[in-house]
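Take a look at the structure set out below.
Number of protein chains: 2
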Amino acid sequence: MTAFVNQRAALDIDDHLPAVLAHPSEEEVAQLDAWWRANNYLTVGQIYLRGNPLMREPLRPEHIKPRLLGHWGTSPGLSLIYAHVSRLIKRTGQQTIYLTGPGHGGPALVAAGYLEGTYSEIYPGVSQDEAGMLRLFRQFSSPGGIPSHVSVTTPGSIHEGGELGYVLVHAFGAVMDNPDLLAVAVVGDGEAETGPLEGSWKGVSFINPVHDGAVLPILHLNGAKIAGPTVLARKSREEVRSLLEGHGYELIEVEGSDLPGMHHRFAAALTAAWVKIRTIQQAARSGDWDGSRPRWPLIVLRSPKGWTGPEQVDGVTVTGTWRSHQVPLSGVRDNAEHLRMLEQWLLSYRPQELFDDSGAPSELVRALAPEGELRMSASPHANGGLVTRDLDLPDFRDYAVDVTQPAQLRAESTRKLGELMRDIYARNPDRFRLFCPDETNSNRLGAVFEVTDRGFMEQVHPEDTAISRDGRVMEVLSEHNCHGWLEGYNLTGRHGIFATYEAFAMVSASQTVQHGKWLQEAAHLPWRAKVPSLNILLTSTAWRNDHNGFSHQGPGLIQVVLNQRGTVSRIYLPPDANCLLSVADHCFRSRSYVNLIVIDKQPQLQWLTIDQAIEHCARGAGVWEWAGTDDGASDPDIVLACAGDVVTMETVAAAQILKQRLPTMKVRVVNVVNLMTLPRPKDHPHGMSSTQFTELFTDTVDVVFAFHGYPGAIHQLVHGRPDADRFRVRGFIEEGTTTTPFDMTVRNRASRYHLVMDAINNAKRLPRGATDLKEWCEAQLARHHEYVVEHLEDMPEVRDWSLGDWAEPA
Amino acid sequence: MTAFVNQRAALDIDDHLPAVLAHPSEEEVAQLDAWWRANNYLTVGQIYLRGNPLMREPLRPEHIKPRLLGHWGTSPGLSLIYAHVSRLIKRTGQQTIYLTGPGHGGPALVAAGYLEGTYSEIYPGVSQDEAGMLRLFRQFSSPGGIPSHVSVTTPGSIHEGGELGYVLVHAFGAVMDNPDLLAVAVVGDGEAETGPLEGSWKGVSFINPVHDGAVLPILHLNGAKIAGPTVLARKSREEVRSLLEGHGYELIEVEGSDLPGMHHRFAAALTAAWVKIRTIQQAARSGDWDGSRPRWPLIVLRSPKGWTGPEQVDGVTVTGTWRSHQVPLSGVRDNAEHLRMLEQWLLSYRPQELFDDSGAPSELVRALAPEGELRMSASPHANGGLVTRDLDLPDFRDYAVDVTQPAQLRAESTRKLGELMRDIYARNPDRFRLFCPDETNSNRLGAVFEVTDRGFMEQVHPEDTAISRDGRVMEVLSEHNCHGWLEGYNLTGRHGIFATYEAFAMVSASQTVQHGKWLQEAAHLPWRAKVPSLNILLTSTAWRNDHNGFSHQGPGLIQVVLNQRGTVSRIYLPPDANCLLSVADHCFRSRSYVNLIVIDKQPQLQWLTIDQAIEHCARGAGVWEWAGTDDGASDPDIVLACAGDVVTMETVAAAQILKQRLPTMKVRVVNVVNLMTLPRPKDHPHGMSSTQFTELFTDTVDVVFAFHGYPGAIHQLVHGRPDADRFRVRGFIEEGTTTTPFDMTVRNRASRYHLVMDAINNAKRLPRGATDLKEWCEAQLARHHEYVVEHLEDMPEVRDWSLGDWAEPA
């Protein structure tokens, strides 16, 4: 593990450094304060000014924006922290990223990037001079500009300040296998009320001090959210302490608003936290560690909301209350008193000391800041594509199921993926992880435990299996943690996959949406390098939750990903193990997508050889000639299409019935692996050409489409294709319960018998015997129904069903 | 408040009662133990047996189910608690419901309902005799039977044991305004890792001891989840204590597996908890309360996973480890040793003492149980429809906006809803609440604060506004809490609404799905009375997140609700205030639906008088003759349809442009309020008849449909309608950013100009001038584009846009 040790930082802790860091000199305090004032000045400027950016003339109404937007309240706290962390970095060389939980502190973080020069490097129009400053102000919260929260456009950020609750999961994900990195994560006390945030404090129970970096959470209790107080700010200090110590942290508390006192106290607190972190890491990395979970430090900062802003407005207290959340002075354009107060407020930061004649940050301000990639706004860790190294992938063909002909062999497809991932773990000990809510074995991915364990820093007992401090499989019973850790891991340039039960993927659906949005926006920014894709494997699917029933049956995430833009959304429904291997290999190599892979974990029939699978997956959709009776020379009488493992079996079974009983009927079977081949190319980059579409589906023949998810998804996808109305879709129609897998297909009208009847009802040309066959299908379904009713009392054996006429045991 | 006091329970606390309760007699311990053994016996029977239910003959392989499913591990802990709470109820008359967090303890809860007789009352086939017991066993986890977790079919439950994390939110919601109710909520240590659960401990910060009931959380640390240890079970006792005390609880800890010792210790713990609760309530209700947040009790129960099951199997320790999570003895059918161990295990409960000759629970077992509605499995609180009282609703017409003609008046529509809700609060002080993540004012619903406050039990400061202990508006920055509290409130028979930002509704999307599934399943159970609907108001919509931008723009929840079954899913897109009032009135009166209402909060044009709105909403969709040029006599040249406020304005504007510039073109404008009128009646009960559909949309004329959400939703909904391909849908296509509202419509190709061009491109008959008009539209869009590019630097004033040719300020 010595390769992981950050030698530079390690060497830096000599006996004197902590004292020097903890006690900034007068000059340093002046620099800190100047940087902080400059940041606050730029923050206020962004909210208010459209002219007179350097306040070199008296403030007049026409200098004020017509519509005042933005969030002042959280900003001064964020910038105070930023200033002090910058000093720490400069003195220690500590690689650090900054994650802003109170996301509406956007202007403070934008100002930080601007003061550090990064902003102008990325956006040359926003230069470090008066014109650039004006542009900085004008673009904020304006049309065509930047939002009022931290966003993809903010340099140094891997965390959008939109939906709240994910700052710690992103921070913990960022430091996994990133031993040199410190992630400073500011948690707002509003955000701290969300479930995902509360569920994420326990990240320390999974962080290994040897091969992971460290998260320094800073809980910023400024007392209020948008319209009232927060829970944590109004609990007693003892309770807050008790709560956070209970999560496993060592608390360092800082409180006040006196200056320069707060600079001294915060510098001391930050130093204590950093020394503690480095001490833990150095001890662990030098072998001087008993293996118990370290008590990592956590800073609680209590400073007034809207600190340094107007204390009172119109006789009402603003600073320290929810009234400073957004725009403390709202009437500046029309109210002379407000205008005067704003002028005083801006001048209180003494801009003439902060910016030189050209408008660039003065030497006093710049003295504090680290340089190059040590600037938090320029950290390559926060632009993870820059530090992404491809996975060393084994040849996925080596894991293939040996298929000689279709439908002879039965296998648990995900088990093969587990074997592939085992070897990916072995070859990439520093850049690949599986994240899963305690279901790795249940999902048949347990081969990974041959080479690594579950990671866990709490007590491990002798009877435990495959769990240790050094483990790198991340199991925590929280979809939010799993999803968020993987996002943080991806965004800092590493690879992984989130595997979960299909129905419960909706728990983290909003994270899937928001991460997709991040990737979509990043695609427009040339300076953001592409990062590893977010891979999501859904298994234990709707069709095979036999004994769990209705609450475990829901393919909703497909619908969620479907609506994302074509730049990021990818949905794969491999019908068997070899297709799954091909798809997974592709996903692990890809960048900046949301790859959704859906396949069940139960033993299932295998269809394609590995070579066939590779070709099929490369095309994304294709005719399975062997399954149908289509000669390919002319249009068939009907197309039976399918996407998804269970419905593929029902489709092949339906084709088989038709082949046997109506041999002259021309049936074409089409299987779709890559769902995004269905839309038109103008709607999705994977969309197949109209020629290809016609080759598969014809222009006029009716298509009976058996789909894994909600039928509406297919109607949505084929819209605009020739005569889209001819697609008759069967899929999951929310008919579920505790029942046999075959009965699930019957209840949802997607069974082989339903598909045969659909084929007959919609075929172009009906051979003799079709009516009889429909009747026979009805009889089969009636027989099935009787069987179900009758056999409840007899406890039928629930077996895997297969091809052939009758799916239940005799 | 005296009306709320539970006089009976209050009288019961005499000086002697605590001592009597805390120290069960030998006879009582025998009864407790017998009930517990009976429950465990029935639990094991459900997992294993298909014959020989009373073990009156030696156990043979054919008595064993062919497939062994179910979860033993958590069950004995759940039943121990149930037994003791039953004794408490019997001695005190305390109205109590039981919520099972570790949901896969289904067999224990089913067994409890069976022992109490409720199960047989509801399901007469599962009678209290040998035949009924056999059926009880056979139905478990079998096709057509019941799932292995607690479900809708389980009497006494308001909480599905599927997706984990919501047991406390449901419990807290259940006791709000329910002063006589005690909700015992067992939290599993696996579930305790989820974000929603961790975020829900703070429910005590919102529970008022005078007008609310009490939640008694019991954290059951049995050490393991499906495949490994849990975080809380492996932290030190000190940390667990610190964490939970930090949340505000007083801890009572019980640990062990010795018997009868555990009965004595648990009885003492439960008594202490109940006395503490009653003492808090009595003090508060008699005025002897300083207003500070009580420290409510919480029991931590440490007992072995799989307690009383086989200690070791095949030489490996099972009890107390994750190996007992599901089926501890897996080979009983084929392995004689396993069969023998199962026999011993079943006989260890001494079934002959527990069931009489007929197979009914013996007197010893029944002695413990309360009767009638005090049985937890028969509590009307857990079948909330039984205790639902209609809201006393004011006449919503009284809140109408005074519209004399369309598009003259501008109003914030949700403000009117706020006024309506203010008066609903005033008239229903015991059965209506609004739940909202700190956005009540932001969402323009602040009129409610004229009659009540935000409820908050932590410190309140003098500068706070509209917040107090007695407040009943529930603001917490957690969609999970808001949604879950409302579910608990609904399921126990009370009414409410969850109002949130549209984009962040995806945070709790999985709760919406699961609650919908609950309601869908309940609809099949005649004994489950209908409960108030789950009302969700989405505001701050995608189209009007001007300064927040892309991460705040997402109408995904519509798509989620759309896929639920027609028995529950309802989606309303009122275009203005009067329609919103009519829709809201309907939703507040409805039962057992998921009502999704989407409308923005910004000032918007008003279209309909209240009478027109009522008629329009009753139909769900209608022609707006005044907006179009359609004579109604024959088919128009084009139909312009719309659903959603912003797109309705663009549609009316487009129609206006067409009217002015192509006056001979026949344009019909159709507005859809109730989205579920679009599908065929066979697909949704609100689906309009084919005649009505043709009256609105014709059978052949192209329809340009401007939709609030993702366009695919409309394609999905109109599938199967005549020539569905003719619907050209414009909607939110994930093109968002920080921009003007009008620019949002342009970016998503749903602006008036796009709609005019779509109309021209698809009209049946094109009058002269159409080509010129298209060119003019292109020019308008080019002008708009130039304006946006050009005016970023000039800081354009962002105003509300309106009808007319040009939407940006000059």
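Here the protein sequences come in this chain order: A and B. For what it's worth, this note's numbering labels the leading residue of the first sequence as 1, then goes sequentially. For what it's worth, this note's numbering labels the leading residue of the second sequence as 1001, then goes sequentially. Glycine included, C-beta positions come from ideal geometry on N, C-alpha and C. The model shown is predicted, which means the values in this text are computed figures rather than measured ones.
Kindly say whether Q1716(B), judged by its beta-carbon, lies nearer than 7 Å to any beta-carbon of chain A. yes
Does the beta carbon of A9(A) come closer than 7 Å to any beta carbon on chain B? Caution is warranted here: a pLDDT of 45 is assigned to A9(A), below 50, making its placement in the model unreliable, and no coordinate value can be reported.
Roughly how far, in whole angstroms, is the beta-carbon of L251(A) from the beta-carbon of V300(A), given that I think they are within contact range, below 8 Å? 6 Å
Proximity winner among E1419(B), Y1399(B), E1734(B) and R1340(B), relative to L1059(B) (alpha-carbon distances): R1340(B)
Against T1740(B), what residues of chain A qualify as contacts under a CB-to-CB distance less than 8 Å, listed in chain order? P143
In terms of alpha-carbon separation, which member of V451(A), V150(A) and P429(A) lies closest to G105(A)? V150(A)
What does a CB cutoff of less than 6 Å around T1194(B) pick up in its chain, not counting 5 residues either side in sequence? L1164 and G1165
Mind checking R1444(B): buried by the 16 CB within 10 Å criterion, or exposed? buried
Hey, how far is the Cα of W36(A) from the Cα of L491(A)? 28 Å
Determine the direct distance from the alpha carbon of Y349(A) to that of E27(A), and round the result to whole angstroms. 17 Å
Residues in the region 1550-1564 of chain B with C-beta within 8 Å of chain A's C-beta atoms, listed in sequence order? F1550, S1551, H1552, G1554, G1556, Q1559, V1560, L1562, N1563 and Q1564
Please compile the residues from chain A whose C-beta is within a distance smaller than 7 Å of the C-beta of N1674(B). Ordered by position in chain A, no residue passes the 7 Å Cβ test against N1674(B), which lies about 18 Å from the chain.
Anyone know if the C-beta pair for H1071(B) and L1049(B) falls short of 7 Å? no
Classification of A1618(B) by the beta-carbon crowding that lies within 10 angstroms, buried from 16 upward: exposed
Uninterrupted beta strand (DSSP E) stretches inside the region 1169-1227 of chain B (no shorter than 3 residues): 1181-1188 and 1214-1220
Suppose you measure from the CA of E695(A) to the CA of P155(A); what does that come to, to the nearest Å? 47 Å
Go ahead and pull the three-state DSSP assignment for R1444(B). coil
Just how far apart, CA to CA, sit S157(A) and L99(A)? 6 Å
Enclosing alpha helix (DSSP H) for S1079(B) [first to last residue]: S1075 to T1092
Taking buried to mean at least 16 other C-beta atoms within 10 Å of its own C-beta, is V1313(B) buried or exposed? buried
What is the residue span of the alpha helix (DSSP H) that D131(A) lies within? For the sequence presented, residue 131(A) should be read as Ala rather than Asp. Segment E130 to Q139, the alpha helix (DSSP H) holding A131(A).
Three or more C-beta pairs closer than 8 Å, one from the region 638-646 of chain A and one from the region 662-671 of chain A: is that the case here? yes
Between which two residues does the alpha helix (DSSP H) holding Q612(A) run? I610 to R619
Could you check the C-alpha separation between T1739(B) and T1541(B) for me, to the nearest Å? 14 Å
Under a three-way DSSP split, which group does E1797(B) fall into? Residue placement at E1797(B) cannot be trusted, given a pLDDT of 48 that sits under 50; what the coordinates show is reported in the next sentence. Residue state, collapsed to three classes: coil.
Can you tell me which of the three DSSP states P603(A) falls into? strand
How big is the Cα-Cα spacing for A1523(B) and I1599(B)? 29 Å
Does the beta carbon of D189(A) sit closer than 7 Å to a beta carbon anywhere in chain B? no
Coarse secondary structure for M1474(B), derived from DSSP in three states: strand
Between the C-alpha atoms of S330(A) and H338(A), what's the straight-line distance to the nearest angstrom? 8 Å
A19(A), buried or exposed, once every other Cβ within 10 Å from all chains shown has been counted against 16: exposed
Can you find a C-beta in chain B that's less than 7 Å from the C-beta of K305(A)? no
Can at least three beta-carbon pairs, one atom from the region 1125-1139 of chain B and one from the region 1170-1188 of chain B, be found at a separation below 8 Å? no
Quick one: which unbroken beta strand (DSSP E) runs of 3-plus residues sit fully inside the region 1548-1584 of chain B? Chain order, please. 1569-1572
Mapping the DSSP letters down to three states, classify T1043(B) as helix, strand or coil. helix
For a contact meaning CB atoms closer than 8 Å, what does A1227(B) contact in chain A? D438, E439, T440, N441, S442 and E475
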